[in-house]
Amino acid sequence: MQTMEKWTESKLSQHTEIFSGFAFKSFDMTGFDSGYPIIKIAQIQNKEVLKNVEEYFPSEKFTHKLNRYKLRKTDTLIAMTGAGSVGKVGKMKSIDRDYLVNQRVALIRSKAKDIDDEFLFYFLSQDFIERGLYDIGLGAGQPNISPADIGKIDLLIPPLHEQQRIASILSAYDDLIEVNNKRITLLEQMTEQIYKEWFIRMRFPDYENTLFEKGLPHKWEIKKVKDFGKVITGKTPSTFNSGYYGGEYFFIKTPDMHGNTFTLQTEETLTEDGFNSQKSQALPPNSICVSCIGTGGVVTITSSVCMTNQQINSLVLKNQIELEFLFFALKGLKSTIEMFGSTGATMTNLSKGKFENLKLIKPNNDLIEQFSFLTKPMFICIRDLSLQQLVLKKTRDLLLPRLISGKLQVNNIKEPPLSEVV
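Reading the sequence shown from the start, the letters are residues 3 to 424 in the numbering used here.
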């Protein structure tokens with residue numbers, strides 16, 4: 003055990019500035035990738051702040067006062083509202099552009115020289131702190147916490163050099179995770195560009211010699227989603243039965259899908275009893291899930307037998323050779339889902355009937371097979387790298403509480419070499 007005589011206890015508010023993001027007006031927002039991406043609670047997932055945002059603040063409306071709400075590399079963010087989100091902690095590992103943070107997210111910035119920002123993030127990202135904030139939020143009636151609630155967190159602070167060493171060990175794992183993220187992103191971009199080149203720009207192999215009829219290449223057809231397989235709308239097992247939850251079956255909700263080509267873990271899981279309570283909603287591996295309520299058009303591929311909640315419609319494919327093509331084709335329906343799912347309210351709500359009747363262009367079978375042959379190895383690599391990410395994250399998360407509490411000596415821990423990432 004580390005020597006802890008010099009470790010001190012104090013409140014988070016004594017060492018940091020804690021404040022809410024800016025209250026942006028909805029009519030100022032745009033869905034186009036221009037200006038400043040807005041970080042909301044949906045972007046805080048699995049101790050990270052995701053870069054895939056849905057709304058932007060126009061550059062021409064930016065004023066000097068908004069500089070305070072620009073995301074910094076040293077910032078730790080905490081979700082302050084939402085029954086499934088309140089208390090979640092995250093940090094953006096590398097910032098590639100200017101992001102702005104909205105009012106439902108708290109920014110935590112160190113204001114003391116004796117606090118290392120990386121150490122502070124790892125301290126706050128401990129599960130028991132997230133759970134504690136979550137409990138405070140639920141206890142308030144509405145799932146909500148304030149900067150003042152966050153400021154009451156008790157800090158256990160080692161000397162600065164020990165903070166930096168602890169942060170160095172844990173951030174080494176995060177650096178490896180970031181390397182994998184970049185590889186995954188590159189593979190995702192490569193496969194999507196091939197899809198767009200072949201099926202959007204129509205520059206597929208031998209396109210120069212292909213006959214076009216009514217704007218489509220010969221033997222291409224207009225099909226409905228349901229023509230490619232069976233559509234299953236998810237359902238939530240009774241939340242009053244605790245025996246339904248906490249098992250081995252993934253229970254996919256939209257936040258689990260964000261940024262994931264494959265869903266390899268979920269926040270909630272189902273027991274065998276929970277799974278058996280609604281077997282007709284079961285999905286096999288390599289089904290394609292599409293969010294149709296709330297945030298519409300998010301797409302992911304299942305990695306095991308699982309279920310989803312009612313906000314998601316899933317396609318169980320007739321022909322697995324179409325998996326890679328349909329993944330991108332369904333992603334391309336996002337704007338259509340949002341348009342047809344508009345009910346006059348603020349939230350997208352596309353029914354199963356409307357979803358399964360959405361139209362897709364189906365290329366000839368030979369071209370789909372060629373596309374699968376070319377992209378399937380990349381999809382497999384994406385899945386394998388994503389699985390490796392989980393191993394790295396679990397190792398880091400096992401080390402984190404023992405290092406932060408002083409139960410594990412920092413001198414006995416070696417940082418993982420970059421060569422560990424295949």
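Ideal Cβ positions, reconstructed from N, Cα and C, are used throughout, including at glycine.
These numbers were taken from a predicted model, which means no experiment stands behind them.
(message) Measuring straight from C-alpha to C-alpha, what distance separates Glu371 and Ile382?
(response) Against the sequence shown, residue 371 aligns to sequence position 369. Against the sequence shown, residue 382 aligns to sequence position 380. Distance from the CA atom of Glu371 to the CA atom of Ile382, rounded to whole angstroms, is 16 Å.
(request) Keeping to the same chain, check which residues put their C-beta closer than 8 Å to that of Thr18; ignore five residues upstream and five downstream. (result) One-based indexing of the sequence shown puts residue 18 at position 16. Closer than 8 Å at Cβ, skipping near neighbours: Ile110, Arg111, Ser112, Lys113, Ala114, Ile117, Leu122 and Gly153.
(message) Short of 8 Å in beta carbon distance, which residues of its chain neighbour Phe64, apart from the five on each side in sequence? Order them along the chain.
(response) Within the sequence shown, numbered from 1, the residue matching residue 64 stands at position 62. Excluding residues within five positions, the ones whose Cβ falls inside 8 Å are Gly37 and Tyr38.
(request) Could you pull out every residue in the same chain whose Cβ sits closer than 7 Å to the Cβ of Phe26, ignoring the five residues on either side in sequence? (result) The sequence position of residue 26 within the sequence shown is 24, counting from 1. These residues qualify, in order along the chain: Ile40, Phe59 and Asn104.
(message) Please state whether the Cβ-Cβ distance between Lys93 and Val51 is less than 9 Å.
(response) For the purposes of this step, residue 93 is taken as the residue at position 91 of the sequence shown. For the purposes of this step, residue 51 is taken as the residue at position 49 of the sequence shown. Contact: yes.
(message) Using the Cβ count rule (16 or more neighbours within 10 Å means buried), how would you classify Glu326?
(response) As a working note, residue 326 is residue 324 in the sequence shown. Glu326 comes out buried.
(request) Mind checking who Gly231 pairs with in its DSSP beta bridge? (result) Walking along the sequence shown from the start, residue 231 turns up at place 229. DSSP, once it has assigned bridges, lists Leu319 as partnering Gly231.
(request) Quick one: measure Cβ to Cβ for Thr273 and Gly299, integer angstroms, because I've assumed they're closer than 8 Å. (result) In the sequence shown, the residue the question calls residue 273 occupies position 271. In the sequence shown, the residue the question calls residue 299 occupies position 297. Actually they do not touch by this definition, with Cβ atoms about 31 Å apart.
(request) Using the Cα positions of Val424 and Arg203, report the straight-line distance between them to the nearest angstrom. (result) Position 422 of the sequence shown, counted from the start, is the residue given in the question as residue 424. Position 201 of the sequence shown, counted from the start, is the residue given in the question as residue 203. With a pLDDT of 42 at Val424, under the threshold of 50, the modelled position of that residue is not reliable, and the figure given next carries that caveat. Approximately 34 Å between the Cα atoms of the pair.
(message) At the level of alpha carbons, what is the spacing between Asn311 and Lys8?
(response) The count along the sequence shown starts at 1 and reaches residue 311 at position 309. The count along the sequence shown starts at 1 and reaches residue 8 at position 6. Each residue's alpha carbon lies about 49 Å from the other.
(request) Please report the residue range of the alpha helix (DSSP H) in which Glu340 lies. (result) Translated into the one-based positions of the sequence shown, residue 340 becomes position 338. For Glu340, the enclosing alpha helix (DSSP H) covers residues Lys336 to Phe342.
(request) Would you kindly work out how many angstroms separate the C-alpha atoms of Ser12 and Thr78, rounded to a whole number? (result) Taking the sequence shown and counting its residues from 1, the one referred to as residue 12 is at position 10. Taking the sequence shown and counting its residues from 1, the one referred to as residue 78 is at position 76. Straight-line Cα distance between these residues: approximately 18 Å.
(message) In this structure, how does DSSP classify Ser36 when only helix, strand and coil are distinguished?
(response) Indexing the sequence shown from 1 puts residue 36 at position 34. Ser36 carries a coil assignment under DSSP once its states are collapsed to helix, strand and coil.
(message) On the criterion of 16 or more Cβ atoms from any shown chain inside 10 Å, does Gln165 qualify as buried, or is it exposed?
(response) Looking up residue 165 in the sequence shown gives position 163. Under this definition Gln165 is a buried residue.
(request) Helix, strand or coil for Leu352, going by three-state DSSP, please let me know. (result) Here the question's residue 352 lines up with position 350 in the sequence shown. Coil at Leu352, not helix or strand.
(request) Determine the direct distance from the alpha carbon of His260 to that of Thr302, and round the result to whole angstroms. (result) The sequence position of residue 302 within the sequence shown is 300, counting from 1. The sequence position of residue 260 within the sequence shown is 258, counting from 1. Answer to the nearest angstrom: the Cα atoms are 8 Å apart.
(message) For a test of the three-state rule: what should DSSP assign to Gly84, helix, strand or coil?
(response) Translated into the one-based positions of the sequence shown, residue 84 becomes position 82. It is coil, neither helix nor strand.
(request) Return the Cβ separation of Leu178 and Leu14 in integer angstroms, given the expectation that the two are a contact with Cβ distance under 8 Å. (result) Position 176 of the sequence shown, counting from 1, holds the residue named residue 178. Position 12 of the sequence shown, counting from 1, holds the residue named residue 14. Not really, about 29 Å apart at Cβ, beyond 8 Å.
(request) Give every residue of the same chain whose Cβ lies closer than 7 Å to the Cβ of Ala169, excluding the five residues on either side of it in the sequence, and list them in chain order. (result) Mapped onto the sequence shown, residue 169 falls at position 167. For Ala169, the CB contacts under 7 Å within the same chain, skipping 5 residues up- and downstream, are Asp118, Glu120, Phe121 and Tyr124 in chain order.
(message) Checking 9 Å against the spacing of the C-beta atoms, do Gly139 and Val88 come in under that value?
(response) Within the sequence shown, the letter at position 137 stands for residue 139. Within the sequence shown, the letter at position 86 stands for residue 88. Contact flag set, yes.
(request) Rank Ser61, Met380, Ala284 and Lys281 by C-alpha distance to the C-alpha of Met31 and give the top, closest one. (result) Mapped onto the sequence shown, residue 31 falls at position 29. Closest by alpha carbon: Ser61.
(message) Is the separation between the beta-carbon of Ile363 and that of Ile224 shorter than 9 Å?
(response) Along the sequence shown, read from residue 1 onward, the residue named residue 363 stands at position 361. Along the sequence shown, read from residue 1 onward, the residue named residue 224 stands at position 222. Using a Cβ distance threshold of 9 Å, Ile363 and Ile224 count as a contacting pair.
(request) Mind reading off the beta-carbon distance from Leu266 to Leu392? Whole number of angstroms is fine, and I expect it under 8 Å. (result) The residue you call residue 266 lines up with position 264 of the sequence shown. The residue you call residue 392 lines up with position 390 of the sequence shown. Indeed they touch by this definition, with Cβ atoms about 6 Å apart.
(message) I'd like to check one pair, Asn243 with Gly276: are the Cβ atoms closer than 9 Å?
(response) As a working note, residue 276 is residue 274 in the sequence shown. As a working note, residue 243 is residue 241 in the sequence shown. Contact check for Gly276 against Asn243 passes: the beta carbons are separated by less than 9 Å.
(request) Starting from the C-beta of Thr338, find all residues in its chain whose C-beta is less than 7 Å away, skip the five residues before and the five after it, and write them out in chain order. (result) Mapped onto the sequence shown, residue 338 falls at position 336. So the qualifying residues of the chain are Leu360.
(request) Could you spell out where the beta strand (DSSP E) holding Phe330 opens and where it closes? (result) As a position in the sequence shown, residue 330 is number 328, starting the count at 1. No beta strand (DSSP E) contains Phe330, which is instead part of the alpha helix (DSSP H) from Leu325 to Lys333.
(request) For the alpha helix (DSSP H) containing Glu269, list its first residue and its last residue. (result) Within the sequence shown, numbered from 1, the residue matching residue 269 stands at position 267. Neither: Glu269 is in no alpha helix (DSSP H) and is coded neither H nor E.
(request) To the nearest angstrom, report how far apart Asn182 and Gln322 are at their CA atoms. (result) For the purposes of this step, residue 182 is identified with residue 180 of the sequence shown, where counting begins at 1. For the purposes of this step, residue 322 is identified with residue 320 of the sequence shown, where counting begins at 1. Those two C-alpha atoms are separated by around 27 Å.
(message) Suppose contacts are defined by Cβ-Cβ distances below 9 Å. Is Ser279 in contact with Ser240 by that definition?
(response) Counting from 1 along the sequence shown, the entry for residue 279 is found at position 277. Counting from 1 along the sequence shown, the entry for residue 240 is found at position 238. Going by C-beta atoms, Ser279 is nearer than 9 Å to Ser240.
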